[in-house]
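Visitor:
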Amino acid sequence: MCEFVVSWSGGKESALSLYGALRRGVRVSYLMSFVSSGGRSMSHALNVELLRAQSEAMGIPLVTREVTWETYEQGFKELVSELKLRGVGGCVFGDVWIAEHREWTERVCRELGIKALSPLFNNKPENLFREFIDLGFEAVVIMVKREFLEDEWLGRKLDQEFLEDILKIRNAKNVDILGELGEYHTFVCDGPIFKKRIKLLEHRKIPRNGYTYLDITKFKLIEK
Numbered sequence: 041m042c043e044f045v046v047s048w049s050g051g052k053e054s055a056l057s058l059y060g061a062l063r064r065g066v067r068v069s070y071l072m073s074f075v076s077s078g079g080r081s082m083s084h085a086l087n088v089e090l091l092r093a094q095s096e097a098m099g100i101p102l103v104t105r106e107v108t109w110e111t112y113e114q115g116f117k118e119l120v121s122e123l124k125l126r127g128v129g130g131c132v133f134g135d136v137w138i139a140e141h142r143e144w145t146e147r148v149c150r151e152l153g154i155k156a157l158s159p160l161f162n163n164k165p166e167n168l169f170r171e172f173i174d175l176g177f178e179a180v181v182i183m184v185k186r187e188f189l190e191d192e193w194l195g196r197k198l199d200q201e202f203l204e205d206i207l208k209i210r211n212a213k214n215v216d217i218l219g220e221l222g223e224y225h226t227f228v229c230d231g232p233i234f235k236k237r238i239k240l241l242e243h244r245k246i247p248r249n250g251y252t253y254l255d256i257t258k259f260k261l262i263e264k
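Per my numbering, residue 41 is the first one in the sequence shown, and the count goes up by one each step.
1) Should residue 252 and residue 194 be called a contact, given that it needs their Cβ atoms to be closer than 8 angstroms?
2) Could you tell me the boundaries of the alpha helix (DSSP H) in which residue 145 lies?
3) Please state if the CB of residue 148 and the CB of residue 124 are separated by a distance shorter than 8 angstroms.
4) Which residues share a DSSP beta bridge with residue 265?
5) Measure the Cβ-Cβ separation of residue 51 and residue 226 and say whether it is below 8 angstroms.
6) Are the beta-carbon atoms belonging to residue 69 and residue 89 less than 8 angstroms from one another?
7) Is residue 218 closer than 8 angstroms to residue 168 when the C-beta atoms are compared?
8) Taking residue 208 as part of the alpha helix (DSSP H), name the residues at either end of that continuous run.
9) Quick one: Cα of residue 122 to Cα of residue 158, how far?
10) According to DSSP, is residue 227 helix, strand or coil?
11) So what does DSSP say about residue 87, is it helix, strand or coil?
12) What residue range is occupied by the uninterrupted alpha helix (DSSP H) comprising residue 174?
13) Is the distance from the Cβ of residue 161 to the Cβ of residue 135 below 8 angstroms?
14) Could you check where the alpha helix (DSSP H) with residue 115 kicks off and where it finishes?
15) Can you name, in chain order, every residue of its own chain whose Cβ lies under 8 angstroms from the Cβ of residue 233, other than the five neighbours on each side?
16) Closer than 7 angstroms: is that where the CB of residue 128 sits relative to any heavy atom of the ligand FMN?
17) Between the Cα of residue 181 and the Cα atoms of 101, 255, 250, which residue gives the shortest distance?
18) Along the chain, where does the alpha helix (DSSP H) that runs through residue 52 open and close?
19) If residue 34 sits next to residue 196, beta carbons under 8 angstroms apart, how far is it from one beta carbon to the other, in whole angstroms?
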């Protein structure tokens, strides 16, 4: 069986897709993230040190590549090509229902000659959310798009109360339960695939271009 790399954002879909792949018996050898010149993830604007903490907490090596949105596909192909030399033959993605995203991942993987695996695709967002919390994953909201969610949602844990609240506004504000259209992003601190948990100690709120970010400035890893 070939080895797989997980496209890693640090959020709930990445964690749940990794869990789903492992449950299928997939051998995961690396996490893969793409970062800006400022050292933050392209997907969630997380400090790369937080991604490294997740990597350490799960015991899975993290590889990164600096890109811009204009060079993202090129950087993706270059990094995966390097990983192929280390035995990687597939990539795990956390896409849920956006067809254009899956089409991109399948095309790029096909051009690279590797397998594309999307364990979450075509599952109901509400079911995935419930599975995430039922499995014991812990995550907090680290970004909101103010068009959809107020700053009060920042720092909230993903739990039953969160689900009930977002279900209440889903139709009125056209919000996807998982935030698949960028309504909110999360950072996973713990879960069944974590050997250590991440305790968030200090943070600050930063508003920027219609979004507000929870910038985590201090954290520590705790043995379980």
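Built from N, CA and C at the ideal position, the CB exists for glycine as well.
These figures come from a predicted structure and were not determined experimentally.
Guide: Reading off the structure:
1) Residue 252 sits at position 212 when you count from the first residue of the sequence shown. Residue 194 sits at position 154 when you count from the first residue of the sequence shown. Using a Cβ distance threshold of 8 angstroms, residue 252 and residue 194 count as a contacting pair.
2) Along the sequence shown, read from residue 1 onward, the residue named residue 145 stands at position 105. 139 to 152 is the extent of the alpha helix (DSSP H) around residue 145.
3) Translated into the one-based positions of the sequence shown, residue 124 becomes position 84. Translated into the one-based positions of the sequence shown, residue 148 becomes position 108. No, the Cβ-Cβ distance between residue 124 and residue 148 is not below 8 angstroms.
4) Any property of residue 265 remains undetermined from this structure, which presents the chain solely from 41 to 264.
5) As a first step, residue 51 must be located in the sequence shown, where it is residue number 11. As a first step, residue 226 must be located in the sequence shown, where it is residue number 186. Yes, the Cβ-Cβ distance between residue 51 and residue 226 is below 8 angstroms.
6) As a first step, residue 69 must be located in the sequence shown, where it is residue number 29. As a first step, residue 89 must be located in the sequence shown, where it is residue number 49. Contact flag unset, no.
7) To locate residue 168, count along the sequence shown from 1; it is residue 128. To locate residue 218, count along the sequence shown from 1; it is residue 178. Contact flag set, yes.
8) In the sequence shown, the residue the question calls residue 208 occupies position 168. Membership of residue 208 in the alpha helix (DSSP H) is indicated by the continuous run 200 to 213.
9) Locating residue 122 in the sequence shown gives position 82, counting from the first residue. Locating residue 158 in the sequence shown gives position 118, counting from the first residue. Taken atom to atom, the span from the alpha-carbon of residue 122 to that of residue 158 is near 22 angstroms.
10) The residue labelled residue 227 in the question sits at position 187 within the sequence shown. Judged by DSSP in its simplified three-state form, residue 227 adopts strand.
11) As a first step, residue 87 must be located in the sequence shown, where it is residue number 47. Strand, per DSSP.
12) As a working note, residue 174 is residue 134 in the sequence shown. Counting along the chain, the alpha helix (DSSP H) containing residue 174 begins and ends at 165 to 174.
13) If you number the sequence shown from 1, residue 161 lands on position 121. If you number the sequence shown from 1, residue 135 lands on position 95. Cβ distance < 8 angstroms, so residue 161 and residue 135 count as in contact.
14) For the purposes of this step, residue 115 is taken as residue 75 along the sequence shown, with counting starting at 1. Element bounds for residue 115: 112 to 124.
15) Here residue 233 refers to the residue found at position 193 when the sequence shown is read from its first residue. Once the five neighbours on either side are set aside, the close Cβ partners of residue 233 are 55, 58, 59, 62, 98.
16) This structure lacks the ligand FMN; in fact it carries no ligand of any kind.
17) Taking the sequence shown and counting its residues from 1, one reaches residue 181 at position 141. When each option's Cα is compared against that of residue 181, the closest is 255.
18) Here the question's residue 52 lines up with position 12 in the sequence shown. Counting along the chain, the alpha helix (DSSP H) containing residue 52 begins and ends at 52 to 63.
19) With the chain covering 41 to 264 only, the question about residue 34 has no answer from this structure.
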